[in-house]
Every structure is written in C-alpha cells, then in structure tokens.
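Undergrad: Quick note on my numbering: the sequence shown kicks off at 6 and runs consecutively. All C-beta atoms, glycine included, are put in the ideal place defined by N, C-alpha and C. Please find one structure pasted underneath; my questions will follow.
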Amino acid sequence: MKITSTNGNVSRLNNDNKTLEYICSYIKYKFDNLFAHGLIFIIPLLTIISVFIILIFSIIYYYTKETDNYKDALWQTFTRILDPCAAAHDEGVKHRLISGIVILCGLVIVAILIGAIVTFMDEKLNELKKGHTTVIEKNHTIILGWSPKIFDIINELISANENQRNPSIVILTSKDNSEINDLNKLSLNQARSIIILAPELNNPDVRIIKTILAIRNNPRRNNINFHIVAEIKEQINLEAAIIADFY
6 MKITSTNGNV SRLNNDNKTL EYICSYIKYK FDNLFAHGLI FIIPLLTIIS
56 VFIILIFSII YYYTKETDNY KDALWQTFTR ILDPCAAAHD EGVKHRLISG
106 IVILCGLVIV AILIGAIVTF MDEKLNELKK GHTTVIEKNH TIILGWSPKI
156 FDIINELISA NENQRNPSIV ILTSKDNSEI NDLNKLSLNQ ARSIIILAPE
206 LNNPDVRIIK TILAIRNNPR RNNINFHIVA EIKEQINLEA AIIADFY
C-alpha cells in the first residue's frame, strides 16, 4: 500500500495564494492612493499609457507592411487613438483588426480622461457650494453668524455702499465663528468692517466675546485696529465685550 502525504503541497499552495493576494492588495492600495490625487496623477498616467500604445502599435503597423515609413506608422497610430474615423478607409482584415484594437484603446483612454475631468469639476463645484474656499477681497464687510435680521443688515450695507466700487459682503455661518481656520479664510486684515451676530443659543454673549477674542488674538493679524460691531444681548456682558475688543 502506498500512502502519499499532500499536507506540504497544500500548505505551500496556501502560502502562494496568500502571497499573491497580498501583492494584489498592495498594488490596489498603491493605485488607490495615487488615484486619490486626481488629475495630477491621472493625466500623466494616461499620457504614459497613450505613448506606450502608440509605440507598440506603430511597430506592428510598420512590420506588418502597412507602411514603409516608421514616422507614418507613428502618425497612423496617433490619429486612430484620437479619431476613430481615421480608420474608415483601412483595407484588409489584418489592418482593420489592428486599427480596431487601437481605436478601442483610444476610446477607453478618452473615456477615463473625460470621467476624471467631470469628477474633478464636480468636486470643485461642491467645494464652492460648501463655501470652503479662501476669500481674497479688500475693503469687504464680514458678517459672522446668522439670524433672521441678517437680510435687513445686508440691505442696509448695500444702501450704504452704493458709492463703493464692487462692494463685497462675506458671510460665515459655521457653528463656531471663533474657529481660527475659518477666520483665516476671510481676509480679516483687509476687511473694512466685521459684524458679529448673536447666535440663537442660551447665553449667546459668551460666544460673541469668544469670537472677538479670536479675531483680536489671531496669529495672522497685522498691526491694525479692526472695526468690529457685535450684538450683545445682556447689558451686564457689555463691559466684558468692550474689554475683549480692546484686548
């Protein structure tokens, strides 16, 4: 009776499968990280792939006697990647098959490029809608906070700035207007005035005073005096707000 052990082969096969799975996962992880860079990575990658396809198929065109000039072979491949109609006058099954493969590669490359551009534009539009961009303005009015009276304030500002050229109003409605990262996006040093509205919270004056201190103690602040108008609800907190304004 002959007994054969297969444990070693099975173990080796499992190790090989794990190694292959790890390599595939690693490559996928690296590509995901690279694709996360967006167009900065995708455009150079598609360019390299296009050049590679052009070189490979131009050699095929040349050695299959489709043309006697290698420069013409390069041009034929290039035009078929960009324009499928360039192969409309191709003759012969072999020539049409090669051109068809080149055209398919070109369509895939163009589709990926268009998709990447559309995704990039969509992300930019969403970023603009969320208001996460930095404001680059001068002599603008900044309104921190949101309340029903903001529309009356905007109307008053528009009337007051009728003699100004291209007046701008910047509104920050984040949950905490004292966040330094948000304030740094508003070009505080170039602002004409800053209006701080009281939030609809219990004891909103604390938030107002905190915002004033954040503006005054901003590390990026130039040696200038801000023109700050703040809404204080309680008379008892008025003195503290004035002290914070001159801190």
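(1) Any contact of the region 72-83 with the region 56-63, i.e. 3+ C-beta pairs under 8 angstroms?
(2) I174 and T146 look like a contact to me (Cβ under 8 angstroms); what is the Cβ gap, rounded to whole Å?
(3) Sort out for me which residues DSSP pairs I200 with in a bridge.
(4) From the DSSP secondary-structure annotation, give me the bridge partner or partners of L177.
(5) Alpha carbon to alpha carbon, what distance is there between N38 and I32?
(6) What three-state label does DSSP hand R225 in the structure shown?
(7) Hey, quick one: how far does the alpha helix (DSSP H) through G120 stretch, first residue to last?
(8) Looking at C-alpha atoms only, which residue of I155, Q240, I247 and L25 is the closest neighbour of F231?
(9) Can you give me the Cβ contacts of R212 inside the same chain, cut-off strictly under 6 angstroms, excluding the 5 residues immediately before and after it?
(10) In terms of residue numbering, what span does the alpha helix (DSSP H) encompassing S63 cover?
TA: Inspection of the coordinates gives the following:
(1) yes
(2) 5 angstroms
(3) I148 and V234
(4) L149
(5) 10 angstroms
(6) coil
(7) V98 to K135
(8) I247
(9) P204
(10) L44 to Y68
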